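Read through the structure below, which is laid out as structure tokens, and then see the notes.
In the working numbering, the protein residues as written are 52 to 319.
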């Protein structure tokens, strides 16, 4: 297992897709900072803000999540999908490596890749904002938000790996992962949430609770609580975001499903 992990991390850190994403994606957050510079300096009286504060971490430090949820599909396609395309995965199984160890070596390395990019994209704009606008000493808000971003990112990584394993092909798996994530997100957003927002009188307390659980289980929907909290809270008439533990359940389910599918695949 250690040898497999070492090989996967070596491949990861030699991957152009990893480094390209790592250094380009933070500019999404930097663009948000540049665009709102006058507001964050307190030069826009209509905003009611004296300066940037930690309550604005969502838009300045987490806006990359609206793109990372789909970039993960490309990253995992380049990472584990290449093992299918090159035949390396089949050769490792023939060489006697356990499928369970192979699966978890890919999952651990893939999740680490996504989390490193996520954390880097958070840290860069946070440092920029603190240096430019000041820091009030409260680490609680950005710390909690950062922790909350980890389960959905990891769950999306596990889901993408599951799709690639299910398809047994890089391209097909990436297409399945991208379309499934997109369709599930927009179906929930358009169908369930539109009813909850536009016809609240027709939604019972039990139905609303179910909607909120589904919202928290879907990683692409959950991350909206981080970069668009105000809009999300207003639409759902809530004052607190759901716990990130729901995405941990999604991660566990995707991990178990991926392992079962990987054990069944005929790669020889």
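Every residue gets a Cβ at the ideal spot worked out from N, C-alpha and C, and that includes glycine. Computed from a prediction, not measured in an experiment: that's the story for all the values here.
{"query": "Nearest residue (CA-CA) to residue 278, options 67, 52, 68, 105", "result": "105"}
{"query": "N- and C-terminal bounds of the alpha helix (DSSP H) containing residue 272", "result": "270-273"}
{"query": "Ranges of the alpha helix (DSSP H) found wholly within the stretch 65-93, counting only runs of at least 4", "result": "67-75, 77-86, 88-91"}
{"query": "Residue interval of the alpha helix (DSSP H) (run including residue 303)", "result": "296-315"}
{"query": "Residue environment, residue 281, which counts as buried when at least 16 other CB atoms sit within 10 Å", "result": "exposed"}
{"query": "Top-ranked residue by Cα proximity to residue 189, from 108, 258, 300", "result": "108"}
{"query": "Distance between residue 257 and residue 250 (C-alpha atoms, nearest Å)", "result": "15 Å"}
{"query": "Candidates 148, 78, 159, 313: closest to residue 206 by CA position", "result": "159"}
{"query": "Nearest residue (CA-CA) to residue 222, options 62, 127, 72, 151", "result": "127"}
{"query": "Same chain, Cβ closer than 7 Å to residue 132, five either side skipped, listed in chain order", "result": "215, 221, 224, 225"}
{"query": "Secondary structure of residue 219, DSSP reduced to three states", "result": "coil"}
{"query": "Reduced DSSP category for residue 243 - H, G, I as helix; E, B as strand; rest coil", "result": "helix"}
{"query": "Span separating the alpha-carbon of residue 92 from that of residue 182", "result": "12 Å"}
{"query": "Status (buried if at least 16 other CB within 10 Å, exposed otherwise) for residue 130", "result": "buried"}
{"query": "Span of the alpha helix (DSSP H) around residue 286", "result": "280-287"}
{"query": "As assigned by DSSP and simplified to three states, the class of residue 186", "result": "coil"}
{"query": "Bounding residues of the alpha helix (DSSP H) (the contiguous stretch that carries residue 106)", "result": "Run containing residue 106: none; DSSP gives neither H nor E here."}
{"query": "Cβ shell of residue 76 (< 6 Å), same chain only, five flanking positions each side left out", "result": "115, 172"}
{"query": "Alpha-carbon to alpha-carbon, residue 117 and residue 266", "result": "15 Å"}
{"query": "Straight-line Cα distance separating residue 174 from residue 184", "result": "15 Å"}
{"query": "Whole-angstrom C-beta distance between residue 311 and residue 269, which should lie under 8 Å", "result": "Actually they do not touch by this definition, with Cβ atoms about 21 Å apart."}
{"query": "Pick from 294, 309, 263 that is closest to residue 246, judged by C-alpha positions", "result": "263"}
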